[in-house]
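Visitor:
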Amino acid sequence: MKTTAVLLAVIGLAVAGAAAASDHLTDLDYLKANRCRGLAEGLGSGDVAGLDALIKTEGRSRVEAIYSRGQEELNRGKKEASHTDSRDRLSAELNGSCTAYLGGAQASVSAGKNASSSH
Numbered sequence: 000m001k002t003t004a005v006l007l008a009v010i011g012l013a014v015a016g017a018a019a020a021s022d023h024l025t026d027l028d029y030l031k032a033n034r035c036r037g038l039a040e041g042l043g044s045g046d047v048a049g050l051d052a053l054i055k056t057e058g059r060s061r062v063e064a065i066y067s068r069g070q071e072e073l074n075r076g077k078k079e080a081s082h083t084d085s086r087d088r089l090s091a092e093l094n095g096s097c098t099a100y101l102g103g104a105q106a107s108v109s110a111g112k113n114a115s116s117s118h
């Protein structure tokens, strides 16, 4: 009886841990969100407060290499947006795949997962 109770408790903790971990963006989604932030800034897009909050929150749990790469993606997005010949393509990206990250932290986690699974 005790063995069964302990086994059920361990399984319950494992399931709860997996559910809690699923509330975070993957490293790839974190990098994409940083790129979107750079595009938004470079294209002069409107409100990015939700995206800023998402990047700040998610950046806390990243290893240094991913955090640094996120900064590079943000800067690359800004730089690309400054080129007038690619503004239409980048605006389409910002209004397309980036919308998954623009809605704020919790909505973006769900939308980011859906966007990642569709690729």
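Residue numbering for the sequence shown follows numbering that gives the first Met the number 0, starting at 0 and increasing by one per position. Cβ atoms here follow ideal geometry from the backbone N, Cα and C, with glycine treated the same way. All figures in this text were calculated on a predicted structure; none of them were measured in a lab.
What is the residue span of the alpha helix (DSSP H) that residue 28 lies within?
Guide: It spans 26-41 - the alpha helix (DSSP H) in which residue 28 sits, taken as one unbroken run.
Visitor: Is it a yes or a no for the stretch 74-84 touching the stretch 28-45, going by three-plus beta-carbon pairs under 8 angstroms?
Guide: In short, these stretches touch, since the Cβ pair count reaches three.
Visitor: How about residue 143 and residue 93: do their beta carbons lie closer than 8 angstroms?
Guide: Outside the displayed span of the chain (0 to 118) sits residue 143, for which this structure offers no information.
Visitor: Measure the beta-carbon distance from residue 24 to residue 57 and round it to whole angstroms, keeping in mind my assumption that it falls under 8 angstroms.
Guide: Contact holds; Cβ gap of about 5 angstroms.
Visitor: So what does DSSP say about residue 88, is it helix, strand or coil?
Guide: Residue 88 falls in the helix class under three-state DSSP.
Visitor: Are residue 61 and residue 69 touching if we call contact CB-CB under 8 angstroms?
Guide: Contact flag set, yes.
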